[in-house]
Amino acid sequence: MKTFNFKTKMFLALGATVVLGSAVVATAVTLSTTKKSDTKILLNNFSLNASDSAKSNLASSYATVNSTTNVQVSNNYWTDELIFKRLASDEELQTKDFILKDANGTFLNYFKDKYIIDFSSFANDLEGELYLKVSLREIASTTSSPKVVDHVFKVSGFKKVTFEENKKYLFINSARLNMEGLIPFKNVEELKQKYNSSSNEDKAQLINSFVEFDLSNSAIVNLELSSISFDQNKLKIAPALQLKVNAATQKKLYSTQIFTGEKEYINAKEFEVDLGKYFEIKNTWATQVTLSGATKDLSELTLADIKNSFNKSTLTFSSLKLNHIPDEFKARISESISETDNKYIFKYYVLNSNDLLEYVDEISIDKTALKQNS
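Here the sequence shown stands for residues -28 to -1, 1 to 346, numbered as in mature numbering (1 follows the signal peptide of the UniProt record, and there is no 0).
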């Protein structure tokens, strides 16, 4: 049986009219309107209570916004829990996980006829806290901007997260190559030299630039704690996984943190990321790739001409042509053009017949090769 530490008096104003009064709004209530409000909303006088049974769980178990596990309640859960379809007895109220009411025993039904009521909930599993945001939006508004009232309720005393109980949520499905991170390097040896000469922090940033991990929602890869090595044309990595937890606060409801502590991580299985294929292409036919005008010489094109010729459907510039791409592949070019003091830089992508990415690189043209604006 779920028990509450308070006696509840049932007062349901089903179909009740909201009382109008002066524009008094508590600090925690946000009142949004295009004109000065003349409505006093009493939502800030309500309080949220949780049963002992509910508090025996992590607050995340009741979070509509849950960044760390697949456990997630819907807006309907809170509607069913906090808004009543009929008068309820004290015994029925005792079975509730949560009750939201004011000191007079008034429930949210008080607002139901004039306001659309929405809920969103957030958890801080480090502190054992649940935050419930209740939003009231005026149904029959005489202005283009209906009155909206938001109030965030906080309940403490929930179970706190432990690493041992939650490490089961730490897993990794794959480690994949992000080719764009390899663009600055000529070959694997150059990449290895960069890695070996870097600080631990820079090593982690380097690996992150060309390796993508498919992780569980609860997992964070700590590359400084991971086992990483190069074996010929492959990167071998056994990622160290740390626990990400919901860490909402009154001001930062969407916040998360890493659960830190001595040895509070696990080493996942080892993955191999193939680097050889990318650099094989880079040092064979990709060395022959050039960029030219499609129907005009580059000297007849301005940068504006090129930009205006971009086709979002085909992901190409109709005014440009990539030369020496093998026939079995097709090329795409990014709309974004970067530049240095004397060059314009284009990023291009090479896809196979199944539209799978085979290669990514950059190609540049001298600014002086283009027609200059008069």
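Using N, Cα and C, we set each Cβ at its ideal position, and we do this for glycine too. Just so you know, these numbers come straight off a predicted model, no measurement behind them.
ask   = Three-state secondary structure (DSSP) at Asn295?
value = The residue given as residue 295 occupies position 323 in the sequence shown. Assignment of Asn295 by DSSP, reduced to helix, strand and coil, places it in the strand class.
task = Give a yes or no on contact between the segment 30 to 41 and the segment 84 to 94, applying the rule of three or more CB pairs nearer than 8 angstroms.
result = yes
task = Alpha carbon to alpha carbon, how far is Lys339 from residue 363? Give it in angstroms, no decimals.
result = The requested residue 363 does not occur in the structure, where the chain is confined to residues -28 to 346.
key: Three-pair Cβ contact test at 8 angstroms for the segment 147 to 157 versus the segment 168 to 184   = yes
Cβ contact (3+ pairs, closer than 8 angstroms) linking the segment 245 to 257 and the segment 274 to 281 = no
ask   = Hey, would you say Phe176 sits closer than 9 angstroms to Ile144, going by beta carbons?
value = Sequence index remark: in the sequence shown, residue 176 carries index 204 (1-based). Sequence index remark: in the sequence shown, residue 144 carries index 172 (1-based). Reading off the sequence, residue 176 comes out as Ala, not Phe. Contact: no.
inquiry  = Please list the terminal residues of the continuous alpha helix (DSSP H) segment that includes Ile179.
reply    = The count along the sequence shown starts at 1 and reaches residue 179 at position 207. Counting along the chain, the alpha helix (DSSP H) containing Ile179 begins and ends at Asn172 to Phe182.
key: Of the residues Ile111, Glu64, Val332 and Asn16, the one placed nearest Lys249, counting alpha carbons only   = Sequence index remark: in the sequence shown, residue 249 carries index 277 (1-based). The candidate whose alpha carbon is nearest that of Lys249 is Val332.
query = Can you name, in chain order, every residue of its own chain whose Cβ lies under 8 angstroms from the Cβ of Ile309, other than the five neighbours on each side?
reply = Working through the sequence shown from its first residue, we reach residue 309 at position 337. Answer for Ile309: Leu275, Ile278, Lys279, Tyr316, Ile317 and Phe318, listed in chain order.
query = Going by DSSP, what residues sit across from Asn93 in a beta bridge?
reply = Against the sequence shown, residue 93 aligns to sequence position 121. The amino acid occupying residue 93 in the given sequence is Ser; Asn does not appear at that position. For Ser93, which the question treats as bridged, DSSP gives the partners Leu104.
message = If the criterion is Cβ atoms closer than 9 angstroms, does the pair residue 354 and Gly153 meet it?
response = Any property of residue 354 remains undetermined from this structure, which presents the chain solely from -28 to 346.
message = Using only CA atoms, which one of Asn42, Glu53 and Glu173 lies nearest to Leu142?
response = In the sequence shown, residue 142 corresponds to position 170, counting from 1. For Leu142, the closest of Asn42, Glu53 and Glu173 by C-alpha to C-alpha distance is Asn42.
inquiry  = Helix, strand or coil, according to DSSP, for Lys319 in the structure here?
reply    = Mapped onto the sequence shown, residue 319 falls at position 347. Strand at Lys319.
ask   = What whole-angstrom Cβ distance do Ile111 and Lys86 have, given they're in contact under 8 angstroms?
value = Here residue 111 refers to the residue found at position 139 when the sequence shown is read from its first residue. Here residue 86 refers to the residue found at position 114 when the sequence shown is read from its first residue. Right, their Cβ atoms sit about 6 angstroms apart.
ask   = Given 8 angstroms as the limit, is there contact between the segment 163 to 170 and the segment 71 to 84, that is, 3 or more CB pairs closer than that?
value = no
ask   = What are the complete beta strand (DSSP E) segments, minimum 3 residues, inside the segment 205 to 255?
value = 206 to 218, 228 to 231 and 243 to 246
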